[in-house]
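Here our numbering is used: the first residue of the sequence shown is 47, the next is one more, and so on.
Right, one structure below, let's go through it.
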Amino acid sequence: MGERSSWTHSLARRPSGIWMTCLIGLVAALLFGSLVSDAKTDAKYGWDTQVNCAAVDAHVAGLDPYYVKNLKDTNYSYPYLPVTLDVLRPICAGGLLLPHYRGLFLAIALLCGLLLPGIDAGRSTLRDVALRVLFTVGGFLGFEWTLASGNFVIFTGLLTAVSLALLLPSGLPAAQNELAFPPRMIGAALLGLLLSFKLIFFPIVASLYLLPLPRPRKITLIAIAAAMFALPILVSMTFYADLFHSWLSAISGQIAGQHSVAFDERTPSFFVLSLDLAKRLGPADARPLAFALYAVCVLGILTPLIMTVVRSMGGYGTSSRMSFPMRLDCWLIEHPREATRLTAISMYALYLCSPRLKEYAFFELAIYAAVLIAGLRSAAIAIILVCAIGLPAIASILGNAFMDGFGPLSAAIIFFGTVLLDFGALKNPGYGDEGEPASLVEPHDKACLSQG
């Protein structure tokens, strides 16, 4: 009887598996067509690689690389911290990167997808790995823009994948948490470094608080990430003092007659969207209204995330008279699968709120998203594949300006909403694991109780 039930269940799932496999194949074909279409155009690509390596060459020659006049064959400025000039020197050595960067970038993007962890319980299937690789390379057209521009976000993306693999190990039993903490410290350090490289939205490190760990350990990880974020800045201030002042002038737009990375750049971000709306409303100084609208956008992302966390906890531990932070810590420890998924969702949400979410930054955003997609239900995966890869790929093939507007941001918001809805549907937040009301479920983990 058991064998018959298993066979019937297998038959019921087979149609879902067939149409999902077909959809994945179709989306992968569209993505491949989009990349081939780009490769066949006559446009000049790799301008960011050219700028970065020209800055390294200028630094080696004793010139100030933050003045565009010292950079060969480019009108763009070098935006990164002075210490990165020596870090990038081996990458740019010999002038070999620019002619061959496309193949290298593609290989790194595929490697990112393969390195990403499967954060749900159980071993990842071949389909799960394929989904992570597909989304890393195709999500929001982030990699397509990275490949076109030759931006070095490809290297921070690789560090992001390694960091997530260390921070979010999948399905670890409680007995192995002690062994997992040292790798998590390395992952936190890498996270801080990669955020500092491009001065990415630093509040992302706050997501580490949702890890299923005792509070002192989570604070330790946040402190490590914060220290590693500050380290390149302090090194640049101390050992590259003259260049550091030039860097400040360059990024603030104080060097006349050259490209600036100030906030008035066009980026598909919430801040620029808010600025556009504020200008259309017509005040003389649109900035205060723009910041207010930007705050509303950020709250529009973070509020549903917070509500999802609170609803998932239900009435957990309320009869024990613990404070909410303590109940949250205990719930996270006793629900490691949900906690790990919420950590990844929080990282994604905070990155999405970055005020300077450049086109190529959607490659890193897609890496955070790729960790989440494999654990979703089939319907949610289908919605995401169509909206975040399929439709943007078709727009790219047809030559439509998907990247010139807020198309990537729209696709990223759809992904976020789908992930939250799917998370809320996985489990009724009003009940515990055994079907008892959550208000009656008491924390029992010693590591949790020892915090207070």
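Heads up, the beta-carbon is just placed ideally off N, CA and C, and yes, glycines get one too.
For this session: Return the chain-ordered list of same chain residues with a C-beta closer than 8 Å to the C-beta of P475, the five sequence neighbours on each side being excluded.
Result: With a pLDDT of 42 at P475, under the threshold of 50, the modelled position of that residue is not reliable, and the figure given next carries that caveat. Closer than 8 Å at Cβ, skipping near neighbours: R357, S358, M359, G360 and A484.
Exercise. Would V342 be called buried (16 or more neighbouring beta carbons within 10 Å of its own) or exposed?
Worked result: exposed
Exercise. How should W293 be labelled, buried or exposed, when 16 other C-beta atoms within 10 angstroms of its C-beta is the threshold for buried?
Worked result: buried
Problem set entry | For D119, the three-state DSSP class (helix, strand or coil) | coil
Problem set entry | Cα-Cα separation between P258 and G346, rounded to whole angstroms | 26 Å
For this session: Tell whether a beta-carbon distance below 7 Å holds between L180 and A74.
Result: yes
Exercise. For the alpha helix (DSSP H) that N98 lies in, which residues bound it at each end?
Worked result: W93 to V106
Exercise. Which of the three DSSP states, helix, strand or coil, is assigned to Y301?
Worked result: A small correction: the amino acid at residue 301 is Ile; Tyr does not occupy that position in the sequence shown. Correct three-state label for I301: coil.
For this session: Hey, could you find the ends of the alpha helix (DSSP H) P438 is sitting in?
Result: L437 to I443
Exercise. Does the Cβ-Cβ distance between A101 and Y124 come in under 7 Å?
Worked result: yes
For this session: Give the DSSP-derived three-state secondary structure of P475 in the structure shown.
Result: Here P475 scores only 42 on pLDDT, less than 50, and its place in the model is too uncertain to base an answer on.
For this session: For M368, name the three-state secondary structure that DSSP assigns.
Result: coil
Problem set entry | Run of the alpha helix (DSSP H) containing K325, from where it starts to where it stops | F316 to L327
Exercise. In the structure shown, what three-state DSSP assignment does K264 receive?
Worked result: helix
Exercise. What does a CB cutoff of less than 6 Å around V344 pick up in its chain, not counting 5 residues either side in sequence?
Worked result: C399
For this session: Take the Cβ of F370 as the centre, count every other Cβ of all protein chains shown within 10 Å, and call the residue buried at 16 or more, exposed below.
Result: exposed
Exercise. Helix, strand or coil: which one does DSSP assign to H499?
Worked result: Since the first and last residues shown for the chain are 47 and 498, residue 499 lies out of range.
For this session: Note down the Cα distance separating G463 from I301, rounded to an integer number of angstroms.
Result: 41 Å
Exercise. If you draw a straight line from the alpha carbon of I154 to that of D331, how long is it in whole angstroms?
Worked result: 44 Å
For this session: May I ask you to report which of helix, strand or coil DSSP gives D375?
Result: helix
For this session: Could you confirm whether any beta carbon from chain D is found closer than 7 Å to the beta carbon of I379?
Result: In the structure shown, chain D cannot be found, because there is only a single protein chain.
For this session: Kindly confirm or deny that the region 231–245 and the region 181–196 touch, where touching means at least three C-beta pairs closer than 8 Å.
Result: no
For this session: Within the same chain, show all residues whose beta-carbon is closer than 7 Å to that of G481, passing over the 5 residues directly before and after it, in chain order.
Result: Note that G481 scores a pLDDT of 44, beneath 50, so its modelled location is shaky; the value from the coordinates is reported in the next line. Excluding residues within five positions, none has a Cβ falling inside 7 Å.
Exercise. Which residues in the same chain have their Cβ closer than 6 Å to the Cβ of Q304, if we skip the five residues on either side of it in sequence?
Worked result: V114 and S123
Problem set entry | Run of the alpha helix (DSSP H) containing G159, from where it starts to where it stops | L143 to L161
For this session: Go through its chain and collect everything with a Cβ distance to A207's Cβ below 7 Å, but skip five positions before and after it.
Result: C158, L161, L162 and I413
Exercise. For P249, which three-state DSSP category applies?
Worked result: helix
Exercise. If we ignore side chains and look at the alpha-carbon of each, how far apart do M353 and L388 end up?
Worked result: 12 Å
Exercise. Who are the near neighbours of P215 in its chain, counting only those whose CB is closer than 6 Å to its CB and skipping five residues on each side?
Worked result: A226
Exercise. Under the three-state reduction of DSSP, which class applies to C399: helix, strand or coil?
Worked result: coil
Exercise. Taking Cβ to Cβ, would you say G164 is nearer than 7 Å to D174?
Worked result: yes
For this session: Please go through the same chain and pick out, in chain order, the residues whose beta-carbon is closer than 7 Å to the beta-carbon of I64, but skip the five residues on each side of it.
Result: none
Problem set entry | I435, buried or exposed, once every other Cβ within 10 Å from all chains shown has been counted against 16 | buried
Exercise. Do F275 and L241 have their C-beta atoms within less than 7 Å of each other?
Worked result: yes
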